[in-house]
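Enquirer:
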Amino acid sequence: MTVSFAAKVFMPAHVLMQEMPDGDSVFINLETEQYFGLNEVGTRMWKTLIASDTVADAYDTLLAEYDVEPERLREDLEGLLASLVDQGLLQGEDRSR
18 MTVSFAAKVF
28 MPAHVLMQEM
38 PDGDSVFINL
48 ETEQYFGLNE
58 VGTRMWKTLI
68 ASDTVADAYD
78 TLLAEYDVEP
88 ERLREDLEGL
98 LASLVDQGLL
108 QGEDRSR
């Protein structure tokens with residue numbers, strides 16, 4: 018399943034997340050009992066995704082925050098989204114309708 022840039026993403030109730038002192042984070046999907054970790058940049062991307070109205074808004078925020086080529090950020094964000102959705106750690110609600 019893919020999440021569009023027009024979607025609002027949220028963490029499902031069956032997921033727990035803990036941010037570590039070094040900025041990394043650890044997730045557990047209580048349904049699958051699988052763990053997933055993110056480094057500091059991945060954690061920042063996740064937090065921005067959750068706080069934003071849409072994935073596109075998160076992309077704009079991150080583009081202003083990091084010195085990165087727009088296409089590279091888009092690829093990285095799409096990759097992170099796909100991983101988190103595949104692991105059951107994020108869900109999306111399309112806002113384009």
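Numbering (the numbering used here), first residue to last: 18 to 114. Beta carbons: idealized from backbone N, C-alpha and C, even for Gly. Note that the structure is predicted; figures quoted are calculated from it, not measured.
1. Can you give the beta carbon distance from Lys25 to Thr65, rounded, assuming they're within the 8 Å contact cut?
2. Mind checking which residues open and close the beta strand (DSSP E) that includes Ser42?
3. Look at the alpha carbon of Leu33 and the alpha carbon of Glu88, and state the distance between them as a whole number of angstroms.
4. Relative to the C-alpha of Tyr83, which candidate in Asn46, Glu57, Gly105, Gly96 has its C-alpha closest?
5. Identify every residue that forms a DSSP beta bridge with Lys25.
6. Measuring straight from C-alpha to C-alpha, what distance separates Trp63 and Phe44?
7. So, under 8 Å CB-CB, Thr60 and Asp74 are touching, yes? Tell me the CB distance rounded to an integer number of Å.
8. With which residues is Tyr52 paired in a DSSP beta bridge?
Expert: A quick look at the data gives this:
1. Walking along the sequence shown from the start, residue 25 turns up at place 8. Walking along the sequence shown from the start, residue 65 turns up at place 48. 13 Å between Cβ atoms; not a contact.
2. On the sequence shown, position 25 is the one that residue 42 refers to. That run of the beta strand (DSSP E) goes 42 to 46.
3. As a first step, residue 33 is located in the sequence shown; it is residue number 16 there, counting from the start. As a first step, residue 88 is located in the sequence shown; it is residue number 71 there, counting from the start. Cα to Cα, the separation comes out at about 31 Å.
4. Walking along the sequence shown from the start, residue 83 turns up at place 66. The shortest Cα separation from Tyr83 among Asn46, Glu57, Gly105, Gly96 belongs to Glu57.
5. On the sequence shown, residue 25 is found 8 positions in, with the first residue counted as 1. Lys25 is bridged to Glu110.
6. Position 46 of the sequence shown, counted from the first residue, corresponds to residue 63. Position 27 of the sequence shown, counted from the first residue, corresponds to residue 44. One C-alpha to the other measures close to 11 Å.
7. As a position in the sequence shown, residue 60 is number 43, starting the count at 1. As a position in the sequence shown, residue 74 is number 57, starting the count at 1. The Cβ separation is near 18 Å, so there is no contact.
8. For this step, residue 52 is matched to residue 35 along the sequence shown. Partner(s): Ile45.
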